[in-house]
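Heads up, the thing below is written out as structure tokens.
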């Protein structure tokens, strides 16, 4: 029972509540960039992600992602998110669903429980956006999007925010209808010249920015297609490109190297395990943001960015949303006891 008859309350935020706070890509980009800086400065506590794999290909998986974040955030929490690829087709449900629990770092009590499905999509796009802001050529105009699902939308939203010169989008998906729908949205929402293509090569050749957001576990993108000076963001969890795409890049960057290696499946981890890439070649984005490691130094350099996704990014964004909700009186107060 609660002491002195006082209950502990926390704020429950549904997805509609989260959206009502006004949380958007601009907020996500700011929160994610600060998360990278705090991570590099050692102002976080970040255990490895726990993956509950229930035959991911046939059914799905759950990811538990806890973290403490210092600085002006000073809170801790956990994102618990499930990814079941067959949900849309089998049950008419989203592929991903989840919750974030946010806690007070001084008292340990829960502050909020909120939907994280929308926020996860924002955060994932924002990670690529921050990477592109720092590492892509600022005059980039052509984007290749490999994979045209839900995540591709926030990837495009983030890139459009940080690379205002983007004009052309070429989308490929094994589901032609998905690529067509994505291209239509890019045209109507952002006024971009966008089209679906029948083969990945048609998307990648000549592209200044290449984003892969698929569940492929064999190479889609080939080294021969890559343009000098391009920025490649590998957002999928497996291997979406030939090893040479990585090894022949001038800069190889991740969000957190130890967390990439722990996950084992991303292409960077595979290459290091097999002796195809020296771990000393791999930079962390936070170190570049803080000026402790050099980033792009020439327009001709090719950059390969492969983030695994870290809980500190989610907790920073969740804390921003919680503050907005409290300020605007959004959400439902629930008692713990």
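Residue numbers (this note's numbering): 1 to 337.
Where is the CB? At the ideal position from N, CA and C, for every residue including glycine.
Since this is a predicted model, take the numbers as computed values, not measurements.
Ordered list of alpha helix (DSSP H) runs contained in the segment 164-239, each at least 4 residues: 176-190, 200-204
Identity of the residue in 84, 112, 50 nearest residue 77 by Cα: On the chain shown, position 77 is the one that residue 77 refers to. Comparing Cα-Cα distances from residue 77 to each of 84, 112, 50, the minimum goes to 112.
Residue range of the unbroken beta strand (DSSP E) whose run includes residue 79: What you label residue 79 is simply residue 79 of the chain shown in a count that begins at 1. First-last of the beta strand (DSSP E) with residue 79: 75-83.
Integer Cβ distance of residue 338 from residue 68, believed to fall under 8 Å: There is simply no residue 338 to check, as the chain begins at 1 and stops at 337 in what is shown.
Beta-carbon proximity of residue 305 to residue 232, cut-off 8 Å: For this step, residue 305 is matched to residue 305 along the chain shown. For this step, residue 232 is matched to residue 232 along the chain shown. Going by C-beta atoms, residue 305 is nearer than 8 Å to residue 232.
Sub-8 Å separation of residue 115 and residue 13 beta-carbons: Counting from 1 along the chain shown, the entry for residue 115 is found at position 115. Counting from 1 along the chain shown, the entry for residue 13 is found at position 13. Against a cut-off of 8 Å, the Cβ pair of residue 13 and residue 115 comes out as a contact.
Exposure label - residue 125; buried when at least 16 CB within 10 Å: Numbered from its first residue, the chain shown carries residue 125 at position 125. With a 10 Å radius around the Cβ and a threshold of 16 neighbouring Cβ atoms, residue 125 comes out buried.
Presumed contact (8 Å Cβ cut-off) between residue 49 and residue 259, rounded CB distance: Numbered from 1 along the chain shown, position 49 holds the residue referred to as residue 49. Numbered from 1 along the chain shown, position 259 holds the residue referred to as residue 259. Residue 49 to residue 259, Cβ: 7 Å. Contact.
Residues sharing a beta bridge with residue 322, DSSP: Your numbering for residue 322 matches position 322 in the chain shown. Paired residues: none, contrary to the question.
Alpha-carbon spacing of residue 225 relative to residue 330, whole angstroms: Within the chain shown, the letter at position 225 stands for residue 225. Within the chain shown, the letter at position 330 stands for residue 330. Roughly 49 Å separates the two Cα atoms.
Rounded C-alpha distance that separates residue 333 from residue 11: For this step, residue 333 is matched to residue 333 along the chain shown. For this step, residue 11 is matched to residue 11 along the chain shown. Each residue's alpha carbon lies about 5 Å from the other.
Under 8 Å between C-beta atoms of residue 123 and residue 252: The count along the chain shown starts at 1 and reaches residue 123 at position 123. The count along the chain shown starts at 1 and reaches residue 252 at position 252. Their beta carbons are not under 8 Å apart, which means residue 123 does not touch residue 252 by this criterion.
Cβ-based neighbour list, residue 22, same chain, cut-off 7 Å, excluding 5 preceding and 5 following: Taking the first residue of the chain shown as 1, we reach residue 22 at position 22. Result list for residue 22: 324, in chain order.
Chain-order list of residues whose beta-carbon lies under 7 Å from that of residue 117 (same chain, five-residue window excluded): Numbered from its first residue, the chain shown carries residue 117 at position 117. Only 15, 94, 96, 97, 98 meet the Cβ criterion.
Residue closest to residue 345, alpha-carbon to alpha-carbon, out of 141, 205, 268, 247: Residue coverage of the chain in this structure runs from 1 to 337, which leaves residue 345 outside it and unanswerable.
heavy atom of the ligand ATP below 7 Å from residue 203 C-beta: In terms of ligand content, the structure shown is empty, and the ligand ATP therefore cannot be addressed.
Element boundaries [alpha helix (DSSP H), containing residue 264]: Against the chain shown, residue 264 aligns to sequence position 264. Neither: residue 264 is in no alpha helix (DSSP H) and is coded neither H nor E.
Identified DSSP bridge partners for residue 11: Walking along the chain shown from the start, residue 11 turns up at place 11. In the DSSP output, where bridge partners are listed per residue, residue 11 has 112, 333.
Straight-line Cα distance separating residue 180 from residue 230: Reading the chain shown from its first residue, position 230 is the one you call residue 230. Reading the chain shown from its first residue, position 180 is the one you call residue 180. If I take the Cα positions, the gap works out to 24 Å.
Burial state of residue 1 (16 or more Cβ within 10 Å): As a working mapping, residue 1 is identified with position 1 in the chain shown. Low per-residue confidence applies at residue 1: pLDDT is 48, beneath 50, and the placement is therefore not dependable, though the value from the model is reported in the following sentence. It counts as exposed.
Beta-bridge partners of residue 50, as assigned by DSSP: Numbered from 1 along the chain shown, position 50 holds the residue referred to as residue 50. Looking at the DSSP assignment, residue 50 forms a beta bridge with 64.
Exposure label - residue 129; buried when at least 16 CB within 10 Å: Within the chain shown, residue 129 is the residue found at index 129, counting from 1. That one is buried.
Assumed close pair residue 137, residue 208 - CB separation to whole angstroms, cut-off 8 Å: As a working note, residue 137 is residue 137 in the chain shown. As a working note, residue 208 is residue 208 in the chain shown. Their Cβ separation, rounded to whole angstroms, is 6 Å, which keeps residue 137 and residue 208 in contact under 8 Å.
For residue 171 and residue 148, believed in contact at Cβ under 8 Å, the rounded distance: Here residue 148 refers to the residue found at position 148 of the chain shown. Here residue 171 refers to the residue found at position 171 of the chain shown. Indeed they touch by this definition, with Cβ atoms about 5 Å apart.
Residue 72 versus residue 110 - alpha carbon distance: Taking the chain shown and counting its residues from 1, the one referred to as residue 72 is at position 72. Taking the chain shown and counting its residues from 1, the one referred to as residue 110 is at position 110. Their backbone Cα atoms lie some 18 Å apart in a straight line.
Enclosing alpha helix (DSSP H) for residue 288 [first to last residue]: Stepping through the chain shown from its first residue, residue 288 is reached at position 288. Residues 285-289.
Sub-8 Å separation of residue 321 and residue 18 beta-carbons: The residue labelled residue 321 in the question sits at position 321 within the chain shown. The residue labelled residue 18 in the question sits at position 18 within the chain shown. By the CB criterion at 8 Å, residue 321 and residue 18 fall inside the cutoff.
Residues that residue 128 bridges to, as DSSP identifies them: Numbered from its first residue, the chain shown carries residue 128 at position 128. According to DSSP, which records beta bridges pairwise, residue 128 is partnered with nothing at all.
Buried versus exposed, by CB contacts within 10 Å (16 or more), residue 278: Taking the chain shown and counting its residues from 1, the one referred to as residue 278 is at position 278. Around the beta carbon of residue 278, fewer than 16 other beta carbons lie within 10 angstroms, which makes this residue exposed.
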